[in-house]
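**Q**
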Amino acid sequence: MLVGQPEFVENPENRCPVILLLDTSSSMSGEPISALNSGLLAFKDAVLQDEQAALRVDVAIVSFGPVQLVQDFVTIDQFNPPYLEARGLTPMGEAVNYALDLLETRKSTYKNNGIQYYRPWVFMITDGAPNPDSPWQQAADRLRSAEMQRKLSFFAVGVQGADMATLKQITPPERPPLLLNGLDFRAMFQWLSDSMVRVSSSTVGGEMVVLPPVGWGQITS
Amino acid sequence: VSWKAIACSAVGKRHLERQVPCQDYGQYAIAAESLIFGAVADGAGSAKHADVGAKLAVETALEKLKAQVTTTELPTTESSARQLFTTVVESVVIALQAQSIMGDYLLEDLACTLLIFIATPEQIAAMQIGDGFIVMNTAPKNATQAEYKLLFRPDRGEYINETCFVTSDYALEQMQVGLCSGHTQFVCASTDGLEKVAIRINDWQPFAPFFTPLAACLDAPLDEAKTYLQNFLESDRLNARTDDDKTLLLCQYDVREEL
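Order-wise, the sequence lines are chains A and B.
Just so we're aligned: 168 in our numbering is position 168 of the first sequence, and the numbers increase by one with no gaps anywhere.
Just so we're aligned: 208 in our numbering is position 208 of the second sequence, and the numbers increase by one with no gaps anywhere.
1. Assign Met148 (chain A) to buried or exposed, taking buried as 16 or more other Cβ atoms, counted over all protein chains shown, within 10 Å of its Cβ.
2. Under 9 angstroms between the Cβ atoms of Thr134 (chain B) and Cys188 (chain B)?
3. Indicate whether at least one CB of chain B lies closer than 9 angstroms to the CB of Arg119 (chain A).
4. Output needed for Asp72 (chain A): all residues of its chain with C-beta closer than 7 angstroms, excluding positions within five of it in sequence on either side, in chain order.
5. Consult DSSP for Gln79 (chain B) and reduce its assignment to one of helix, strand or coil.
6. Helix, strand or coil for Asp155 (chain B), going by three-state DSSP, please let me know.
7. So that I know if they touch, is there some Cβ in chain B lying closer than 9 angstroms to that of Ser202 (chain A)?
8. How would you list, in chain order, the residues of chain A whose beta-carbon sits under 7 angstroms from the beta-carbon of Asp244 (chain B)?
9. Whose CA, out of A:Glu94, A:Arg186, A:Pro135 and A:Gln218, lies closest to the CA of Arg175 (chain A)?
10. Rounded to a whole number of angstroms, what is the C-alpha to C-alpha distance between Arg119 (chain A) and Asn14 (chain A)?
11. Can you list the residues of chain B that Pro172 (chain A) reaches, using a CB-CB cut of under 7 angstroms?
12. Please list, in chain order, the chain B residues whose beta carbon lies closer than 9 angstroms to that of Phe8 (chain A).
13. How is Ser235 (chain B) classed by DSSP in three states: helix, strand or coil?
14. Which residues in chain A have a C-beta closer than 7 angstroms to the C-beta of Leu214 (chain B)? List them in chain order.
15. Can you list, in chain order, the residues of the stretch 106 to 136 of chain A whose Cβ is nearer than 7 angstroms to any Cβ on chain B?
16. Please confirm whether Ile101 (chain B) has its beta-carbon closer than 9 angstroms to some beta-carbon of chain A.
17. Exposed or buried, what is Tyr83 (chain A) when buried is set at 16 or more other beta-carbons lying within 10 Å of its beta-carbon?
18. Name the residue from B:Asp254, B:Gln205 and B:Gln99 whose alpha carbon lies nearest to the alpha carbon of His183 (chain B).
19. I believe Ser9 (chain B) touches Thr247 (chain B) by the beta-carbon criterion, under 8 angstroms. Please report the beta-carbon distance rounded to the nearest angstrom.
20. Count the other C-beta atoms from every protein chain shown that fall within 10 angstroms of the C-beta of Met136 (chain B), then say buried if there are 16 or more, exposed otherwise.
21. Enumerate in chain order the residues of its own chain whose CB-to-CB distance from Ala111 (chain B) is below 8 angstroms, with the five nearest sequence positions on each side excluded.
22. List the residues that DSSP assigns as beta-bridge partners of Cys217 (chain B).
23. Say whether the stretch 144 to 157 of chain B touches the stretch 91 to 106 of chain B, bearing in mind that this needs 3 or more beta-carbon pairs closer than 8 angstroms, one atom from each stretch.
24. Compare the C-beta of Pro12 (chain A) against all C-beta atoms of chain B and say whether one is closer than 9 angstroms.
25. What does Tyr159 (chain B) reach in chain A if we use C-beta pairs closer than 7 angstroms?
26. Among B:Arg82, B:Pro75, B:Ala57 and B:Phe232, whose alpha-carbon lies nearest the alpha-carbon of Leu107 (chain B)?
27. Suppose the cutoff is 8 angstroms on Cβ atoms and the five residues either side in sequence are ignored; what does the same chain contact list for Leu41 (chain A) look like?
28. Determine, using beta-carbon pairs with one atom in the stretch 220 to 235 of chain B and one in the stretch 182 to 201 of chain A, whether at least three such pairs fall under 8 angstroms.
29. Going along the stretch 123 to 153 of chain B in order, which residues come within less than 8 angstroms of chain A, judged by CB to CB distance?
30. Please report whether the beta-carbon of Arg150 (chain A) lies at a distance below 9 angstroms from any beta-carbon of chain B.
31. Can you name, in chain order, every residue of its own chain whose Cβ lies under 6 angstroms from the Cβ of Val88 (chain B), other than the five neighbours on each side?
32. According to DSSP, is Leu313 (chain B) part of a helix, a strand, or is it coil?
33. Over the uninterrupted alpha helix (DSSP H) stretch that includes Phe185 (chain A), give me the two end residues.
34. Are the beta-carbon atoms belonging to Gly4 (chain A) and Thr212 (chain B) less than 9 angstroms from one another?
35. Closer than 6 angstroms by C-beta to Arg14 (chain B): which residues in its own chain qualify, once you throw out the five before and the five after it? Chain order, please.
36. Between which two residues does the alpha helix (DSSP H) carrying Val9 (chain A) extend?
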């Protein structure tokens, strides 16, 4: 005679961290910032379509006019996109450094709580160039070495007017910056959502994650 | 009086949707009244012939053990166990290589994890390459409370979706080996598909309410127990919690008469 069924232990969901590193300097004011804001809403809605991803994708938002943590890590099901306003300069190097520190802190939190996680993404969007006094070169070195150690995957997206040549010196060589088509943040965030769904459902030793094709931007030479 | 064992696998939801075969395999061999060998393997999702690799790895490992290990020649130290498992893994890799040449594909197309154990009622020697788990009950056979023990933590990199395979260059360095003496009445080996429902991850403790019914099912006649297990592995309740392939290899040394 067989009695009972195995019961299941409740483990915390695996997490798939992503930091959105958003340029909110004054040059973004007007249409760009409002397109970016509606893009964030679209991102939330897109990830929510996938029940599992909504619980796993752990998003934080760092804006840089001044560098500011506008949204600390939160899973998408709990995420209320903030309304960003454009002002100030472009402390890009400081922002990259801030994001790298934030990521390390988050990883410690995961480890202390027995939460398993995927390789984090940092996704930067900018329409400008770093401030002349910004330590962007030092930040770029740090970023590239973190990439080499597989600590994260860094993506940079330029909006019309962005200094793509400088961006290219920040991004890892194998993942050059992309220039956004117009202000098509919506398509970009849909892609980011699709990518996050793929990453957050990839299994241990499983299929290599193939990212969806990029229809919203291009590589500039 | 002997070992009683069952091996069961079920394809995961994700593979079912994509019409990919089950890439898990588990099997056992009872070598003598008191001696059992068990092995499970989980084919890598990125490997084209993962299902072939997992099955071949398990079968080769069991053949090699049958040829090399008898009740009088059990490994008695961790280093002799490591030596034994090293030769087993080497022959597994040779078999996989031969298969990849025959099938005209790459060795990596057969990549899989591998967990092996050699158990007597008083001792278990085991190894693990990659993830998955081996849990045993270390309580004496008349104890009222089971004492489940996880032999190895799954071997992963920093990230949840990375692990090591038998076909990796560094597989032998990554191989975890253990030797445990004491009571070994019940052993459960499994691939990672069941990890998050069976093991509490923040302290790596086996979850007793998961294992106790599994151990109890071995008290039933084998065909009944097998149906029970297969139904469990294919249940919606379980599939709601994991979309991966799942394998259970259970064995119990039973001193009682069969009903």
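For every residue, glycine included, the Cβ atom is placed at its ideal position computed from N, Cα and C.
Model, not experiment: these values are computed from the prediction.
**A** In short, the structure shows the following:
1. exposed
2. For the sequence presented, residue 134 (chain B) should be read as Ile rather than Thr. Yes. Within cutoff.
3. yes
4. Ala60
5. This sequence places Ser at residue 79 (chain B); Gln is not what is there. Residue state, collapsed to three classes: helix.
6. Correct three-state label for Asp155 (chain B): coil.
7. yes
8. Thr203, listed in chain order.
9. A:Gln218
10. Each residue's CA atom was taken as its position, placing Arg119 (chain A) and Asn14 (chain A) some 11 angstroms apart.
11. Under the 7 angstroms cutoff, chain B gives no residues; its nearest Cβ is about 17 angstroms from Pro172 (chain A).
12. Lys196, Val197, Ala198, Phe207, Pro209, Phe210, Arg237, Leu238 and Arg241
13. coil
14. Under the 7 angstroms cutoff, chain A gives Pro6.
15. Asn113, Gly114, Gln116, Tyr117, Tyr118 and Arg119
16. no
17. By the neighbour-count rule (16 or more Cβ atoms within 10 Å), Tyr83 (chain A) is not buried but exposed.
18. Distance check between His183 (chain B) and each of B:Asp254, B:Gln205 and B:Gln99 places B:Asp254 closest, using alpha-carbon atoms only.
19. 4 angstroms
20. buried
21. Gly43, Ala44, Ser46, Ala47, Ala50, Gly53, Phe165, Val166, Thr167 and Ser168, listed in sequence order.
22. In DSSP, Cys217 (chain B) forms no bridge with anything.
23. Contact between the stretch 144 to 157 of chain B and the stretch 91 to 106 of chain B is absent, with fewer than three C-beta pairs closer than 8 angstroms.
24. With 9 angstroms as the cut-off, Pro12 (chain A) counts as an interface residue toward chain B.
25. Tyr117, Tyr118 and Arg119
26. Nearest of B:Arg82, B:Pro75, B:Ala57 and B:Phe232 to Leu107 (chain B), Cα basis: B:Ala57.
27. Pro81
28. no
29. Gly130 and Asp131
30. yes
31. Ala61 and Lys64
32. Past the boundaries of the shown model lies residue 313 (chain B); chain B is included only from 1 to 259, so the question cannot be answered.
33. Looking at the DSSP string, the run of the alpha helix (DSSP H) that includes Phe185 (chain A) is Phe185 to Ser201.
34. yes
35. Cβ within range, chain order: Asp243.
36. That residue, Val9 (chain A), is in no alpha helix (DSSP H); it is neither H nor E in DSSP.
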